[in-house]
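Shown next, in structure tokens, is the structure this report addresses.
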Amino acid sequence: MADFKKSVVYQIYPKSFNDSNGDGLGDLRGVIEKLDYIKELGVDYIWMTPFFVSPQKDNGYDVEDYYNIDPRYGTMEDVEELSREAEKRGIRLMFDMVFNHTSDRNQWFQKALAGDPKYKDFYIFKKGPKPGVPPTNWESKFGGNAWEYVEKFDEYYLHLFDVSQPDLNWDNPEVRKEVQNVIKFWMGKGIKGFRFDVVNLISKDKFENDYEGDGRRFYTDGPNIHKYLRELNEATFGTDAEIITVGEMSSTTMENCYQYANEDGKELSMVFSFHHLKVDFMGNEKWVIVPFDFQKLKKILFDWQVNMGKHHAWNAVFWCNHDQPRVVSRFGNVEKYWKESAKMLGTVIHCLRGTPYIYQGEELGMTNAGFADISQYKDVESLNHFRILQEKGLTEENAYQILQIHSRDNSRTPMQWNSGENGGFTTGEPWIEVNKNCSYINAEAELQDEDSIFHYYQKLIALRKEYDVIAYGEVKPLDEKNPSVFAYEREYQGEKMLVICNFYGKKVTWDSEKELGEYQCVLSNYEVHNIEGSRIWLKPYEAVVLYKK
Ligand code: TEU
Numbered sequence: 006m007a008d009f010k011k012s013v014v015y016q017i018y019p020k021s022f023n024d025s026n027g028d029g030l031g032d033l034r035g036v037i038e039k040l041d042y043i044k045e046l047g048v049d050y051i052w053m054t055p056f057f058v059s060p061q062k063d064n065g066y067d068v069e070d071y072y073n074i075d076p077r078y079g080t081m082e083d084v085e086e087l088s089r090e091a092e093k094r095g096i097r098l099m100f101d102m103v104f105n106h107t108s109d110r111n112q113w114f115q116k117a118l119a120g121d122p123k124y125k126d127f128y129i130f131k132k133g134p135k136p137g138v139p140p141t142n143w144e145s146k147f148g149g150n151a152w153e154y155v156e157k158f159d160e161y162y163l164h165l166f167d168v169s170q171p172d173l174n175w176d177n178p179e180v181r182k183e184v185q186n187v188i189k190f191w192m193g194k195g196i197k198g199f200r201f202d203v204v205n206l207i208s209k210d211k212f213e214n215d216y217e218g219d220g221r222r223f224y225t226d227g228p229n230i231h232k233y234l235r236e237l238n239e240a241t242f243g244t245d246a247e248i249i250t251v252g253e254m255s256s257t258t259m260e261n262c263y264q265y266a267n268e269d270g271k272e273l274s275m276v277f278s279f280h281h282l283k284v285d286f287m288g289n290e291k292w293v294i295v296p297f298d299f300q301k302l303k304k305i306l307f308d309w310q311v312n313m314g315k316h317h318a319w320n321a322v323f324w325c326n327h328d329q330p331r332v333v334s335r336f337g338n339v340e341k342y343w344k345e346s347a348k349m350l351g352t353v354i355h356c357l358r359g360t361p362y363i364y365q366g367e368e369l370g371m372t373n374a375g376f377a378d379i380s381q382y383k384d385v386e387s388l389n390h391f392r393i394l395q396e397k398g399l400t401e402e403n404a405y406q407i408l409q410i411h412s413r414d415n416s417r418t419p420m421q422w423n424s425g426e427n428g429g430f431t432t433g434e435p436w437i438e439v440n441k442n443c444s445y446i447n448a449e450a451e452l453q454d455e456d457s458i459f460h461y462y463q464k465l466i467a468l469r470k471e472y473d474v475i476a477y478g479e480v481k482p483l484d485e486k487n488p489s490v491f492a493y494e495r496e497y498q499g500e501k502m503l504v505i506c507n508f509y510g511k512k513v514t515w516d517s518e519k520e521l522g523e524y525q526c527v528l529s530n531y532e533v534h535n536i537e538g539s540r541i542w543l544k545p546y547e548a549v550v551l552y553k554k
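Counting from 1 along the sequence shown, just add 5 to a position and that's the residue number in the working numbering.
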């Protein structure tokens, strides 16, 4: 069985990774060219975000054809070569399956719109209560009402995301069969990992107005969700013990995740949850500026760590992905302690209980784009909210300030390979601007520097392989209320690990309940440590990993 507890996953957003043909868009051959770089880092899996045929309204999360490759990314031969070349380097691929919705260009939806009843039932069409009023007041995750009117039927279809992403009707067994066929097809190509996009939204409950929220309580972790996941598991990936799976769980609960990612293996191997990344939101509202709440961050991460452990369920652990701002800009300090804080943040995540995910460029300490002109933004969610914020009365300047912090484009700027033109990403015109700081934040420079963030991530990954306590140990939060220190203990069969991290730029002393001299320091972002007895003097953003057997 694939030991996903000892594994680390590297996420590639192909559009922004490496362009092999100079058209300004990253592609599959570009990924093949960089496999040695990824191998050097030491990861086990590459999660590839969608590169299937798509009109690219949501950069591939709007799938037109699940069985073919978008020519902008390459060909089926390229996928096969990528898989072979990765395998040679001991790396496996994880493909991204978007099954909550399709693109409106998908032939199923086209047939539905043409009036074919079989395919109309693949989607969620409903009448409104009266003319001009949609079936419910639910909000789309990308802004606006979640229903689109189709005059021909005098009905609306549901789209929890963009209007071009109609939701599939999972209550229809034929939809579930079609989805199974897609997975079987990719299993047939030897793919050993799958990520399921917003998969906890597939079982919709009552179609009622939500007067307290945006509707999510009616479609999140819905009534048949566990049944549908078990069925999918049994019919497809569950037949191959080598396959690992991860479900993206939007606004989920821990109780549901105990089942989604239980070690009994009946549903998925692990889950992404996002509560710890809403600590700079106001409730569920992302389009505001509030400082991040460190106490909340710790509380959420520790609650999940401890409880998922108790219930024998497994987390994916992560700070970054293609929907999140860059973590060093978000929780670190780019101006003064860029390197120290990037390494500290990596330490906090990689020593936790769970499978760590690294998003391309995180291992270099890449930072937010900070775009200041709307023409630089490409993301559908950002473009919608730029308009919506101003409709709500905010000034253009305020709207920019919010986008600069929260836009998904912050993480979608091209990978910074070197200090040359376009950071070495393309010889053409990049589809989205390259961050100017590629002059000093880039892979070439970091590969040459022993003290770089890249080499630190390499050590974090190696540490997980070397010490069973990281992969299999229990987690005990330490000094939970401390205003600046993030500390925890791991324990497994007599092995102990202490992870002590200063989350801020001020020096701080930290007192342990243990004699620290008995431990050996196995990793830190500083060379010298100040430890005496049970006390440690932490420098700005210092992280230390101590070990004892
Ligand atoms: O993301 C789901 C998701 O919940 C986020 O898009 C989130 O709603 C948004 O960032 C809130 O601000 C997945 C994919 O990761 C994302 O890229 C897709 O756009 C989305 O699903 C639709 O497929």
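Here a beta-carbon is modelled for each residue, glycine too, at the ideal position from N, C-alpha and C.
Since the structure is predicted, the reported quantities are computational estimates derived from the model, not experimental observations.
Expected contact under 8 Å - CB spacing of residue i and residue j to nearest Å
i	j	result
I354	V322	5 Å
Q259	W309	Looking at the sequence itself, residue 259 is Met, so the reference to Gln does not match. Contact holds; Cβ gap of about 6 Å.
R200	M102	7 Å
S108	P60	6 Å
N214	N150	Contact doesn't hold; Cβ gap of about 11 Å is too wide.
N23	M275	That pair is no contact at about 27 Å.
K11	K470	6 Å
Length of the line joining the Cα atoms of residue i and residue j
i	j	result
R110	F57	13 Å
E479	R392	47 Å
L40	P19	13 Å
F190	Q264	27 Å
N312	V138	43 Å
T431	I437	11 Å
E451	N267	38 Å
I129	F147	18 Å
E537	L503	15 Å
G29	N415	18 Å
F459	N64	27 Å
H411	Q329	7 Å
V284	E547	22 Å
Y72	D126	21 Å
Y224	A117	22 Å
P482	A492	6 Å
H316	H327	29 Å
T400	E386	18 Å
V184	W152	23 Å
K132	Q16	40 Å
G243	K232	14 Å
K304	D70	42 Å
Q406	Y66	27 Å
Those residues which DSSP pairs with residue i across a bridge
i	result
H106	D172
I393	Its beta-bridge partners do not exist; DSSP assigns none.
S529	V549
A492	L483, I505
G198	M99, I249
Y524	According to DSSP, Y524 bridges with nothing at all.
D516	R540
W152	L163
K131	Y161
N535	W542
V14	Y50, Y362
Any non-hydrogen atom of ligand 1 within 8 Å of residue i CB
i	result
V251	no
H327	yes
D336	The amino acid occupying residue 336 in the given sequence is Phe; Asp does not appear at that position. No, ligand 1 has no heavy atom inside 8 Å of this Cβ.
Q409	no
N105	yes
V293	no
Q525	no
F166	yes
N142	no
V203	yes
N64	yes
K383	no
E386	yes
K146	yes
R413	yes
S255	yes
Q584	No answer is possible for residue 584: it lies beyond the span of the chain, which begins at 6 and ends at 554.
Residue i Cβ short of 8 Å to ligand 2 heavy atom set
i	result
Q170	Of the ligands one can find in the structure shown, namely ligand 1, none is ligand 2.
Counting only runs of 4+ residues fully inside the stretch 310-357, write out the alpha helix (DSSP H) ranges in chain order. If only uninterrupted alpha helix (DSSP H) runs of at least 4 residues are considered, those enclosed by the stretch 310-357 are 332-335, 343-355.
Beta strand (DSSP E) runs wholly inside the stretch 40-80, at least 3 long, in chain order: Correct list: 50-53, 70-74.
Note down, one range per segment and in chain order, each beta strand (DSSP E) of at least 3 residues found wholly within the stretch 232-306. 249-253, 275-277, all fully within the stretch 232-306.
In chain order, which continuous runs of the alpha helix (DSSP H) of length 4 or greater are located wholly inside the stretch 439-473? Complete alpha helix (DSSP H) runs here, min 4: 448-453, 458-471.
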